[in-house]
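Residues in the sequence shown are numbered consecutively from 1329, following the working numbering.
In what follows, a structure is listed as C-alpha cells, so that the remarks can point back to it.
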Amino acid sequence: MKRIDVSNLSKHFTLHLQGGMQLPILDNVNLQVDAGECVVLHAPSGAGKSTLLRCLYANYRASSGSVRIRHEDDWVDIASAPARQIHAVRQSTLGFVTQFLRVIPRISTLDLVTQPLLARAVPGAEARERAARMLSRLGIAPRLWNVPPATFSGGEQQRVNLARTLICDYPILLLDEPTASLDEANRDTVIRMIDERRASGVAIVGIFHDKTLRDALATRLFPIPPLQPVTLVG
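Printed below as a string of C-alpha cells:
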C-alpha cells in the first residue's frame, strides 16, 4: 500500500535581506513510498535532503507540487492542507525524529515520553508503563526518568527524542540522522527498533550519513534530483 506520494515538488526560499532573491533548493521531485519500505535520501551535503524531509512533515511549505500522505482511509495533501488538518496527520499518522530534542524546562524525561500517548487518550498508568519500557530499551537508566533531559548528554537526549516518536505506532516515520549522537551499542539497538517498524509495515523515509546504518536499513536509495543551472535574480 502506498503511504507517501510526492508529485512535482519544488521548494525555494525568499531571501528578504537580499532584495527578495529566490533561492531554489528542490525542483520537480517525485517520490512514492510504500508500507514496509525504508527509503534513504541520497545526495551530497546541501542538496536538499533535510528540506525534502521537512516538506514531507509540512515544516516547510512546498513552493509548488503536492505532498500526499495516506491518513486513515484518505489522502491529505499537506502541501496545501490547513493547519488543523496537518496537526491531525502529525498526531496519528506521521512521526518525525529530528537530530535535536526540543527540551521543555522542568518536565521530567518520563513525562516527556508519556505526552504523545496522553495526547492519543491512552490512560495515564498505561502511558507511563509503556514510556518506562521504551526508555529501558533505549538504555535510559530509571534514575534519570524523573530528571529533565536538559541536563543530559547529546546521546541521551537523542534517545529520549527517539523514544517520544517510537512509542507511538505511526504508519509513517521520517528520520533525520536518528543515531548521529549515539555510541555503537545504542546505535545497534536503534537499528533493530527501526527495522522492526519497517518489517511491521511502517513506511520510512530517512537521512543516514552513517553507511552502516544505511546498509542495514535501506530498502532503496532515492537520489535527490539535481537542480538545473539557474541565475539568481533579485
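Cβ atoms here follow ideal geometry from the backbone N, Cα and C, with glycine treated the same way.
Bear in mind the structure is a predicted one, so any value in this text is a computation, not a measurement.
Answer with buried or exposed for residue i, where buried requires no fewer than 16 other C-beta atoms within 10 angstroms of its C-beta.
i     : result
A1455 : buried
A1491 : buried
P1433 : exposed
V1561 : Residue placement at V1561 cannot be trusted, given a pLDDT of 46 that sits under 50; what the coordinates show is reported in the next sentence. Flag for V1561 reads exposed.
R1548 : exposed
E1484 : buried
K1377 : buried
L1343 : exposed
P1554 : exposed
Residue i: which of the options sits nearest, CA to CA?
i     : options                    : result
F1480 : A1411, V1368, V1417, T1437 : T1437
C1366 : P1553, A1460, D1439, D1543 : D1543
G1423 : T1507, C1496, D1538        : C1496
R1563 : N1489, P1554, P1499        : Here the chain covers residues 1329 to 1562 and nothing more, so residue 1563 does not appear.
V1334 : T1547, P1470, V1361        : V1361
I1332 : A1508, K1377, L1359        : L1359
I1532 : I1397, A1411, A1508        : I1397
Give every residue of the same chain whose Cβ lies closer than 6 Å to the Cβ of residue i, excluding the five residues on either side of it in the sequence, and list them in chain order.
i     : result
L1381 : L1502, D1504
G1534 : V1368, L1503
T1559 : Residue confidence is low: T1559 scores 49 on pLDDT, short of 50, so the model does not pin down where it sits. Its coordinate-derived value is still stated next. Answer for T1559: no residue qualifies.
T1442 : A1455, R1456, A1459
T1426 : D1504
Please classify residue i: does DSSP put it in a helix, a strand, or coil?
i     : result
Q1419 : helix
C1496 : coil
A1348 : The amino acid at residue 1348 is misidentified as Ala; the sequence shows Gly. Note: G1348 maps to coil in three-state DSSP.
I1522 : helix
L1555 : coil
A1449 : coil
R1434 : coil
D1315 : Because the chain in this structure spans residues 1329 to 1562, residue 1315 falls outside the shown range and cannot be described.
T1507 : coil
Skipping 5 residues on each side, what residues in its chain have a beta carbon closer than 7 Å to that of residue i?
i     : result
A1386 : I1406, I1414
In whole angstroms, what separates the C-alpha of residue i from that of residue j?
i     : j     : result
F1462 : F1341 : It should be pointed out that residue 1462 corresponds to Met in this sequence rather than to Phe. Their backbone Cα atoms lie some 38 Å apart in a straight line.
L1545 : R1515 : 12 Å
D1401 : L1472 : 40 Å
F1536 : G1452 : 34 Å
N1336 : T1493 : 29 Å
G1529 : A1363 : 5 Å
E1524 : Q1346 : 47 Å
F1428 : G1482 : 8 Å
L1466 : E1512 : 13 Å
Q1486 : I1522 : 14 Å
Starting from the C-beta of residue i, find all residues in its chain whose C-beta is less than 8 Å away, skip the five residues before and the five after it, and write them out in chain order.
i     : result
S1338 : P1352, L1354, D1355, N1356, V1357, A1390, S1391, S1392, G1393
T1421 : I1397, R1398, H1399, E1400, Y1498, P1499, I1500
P1444 : R1492, T1493, I1495, C1496
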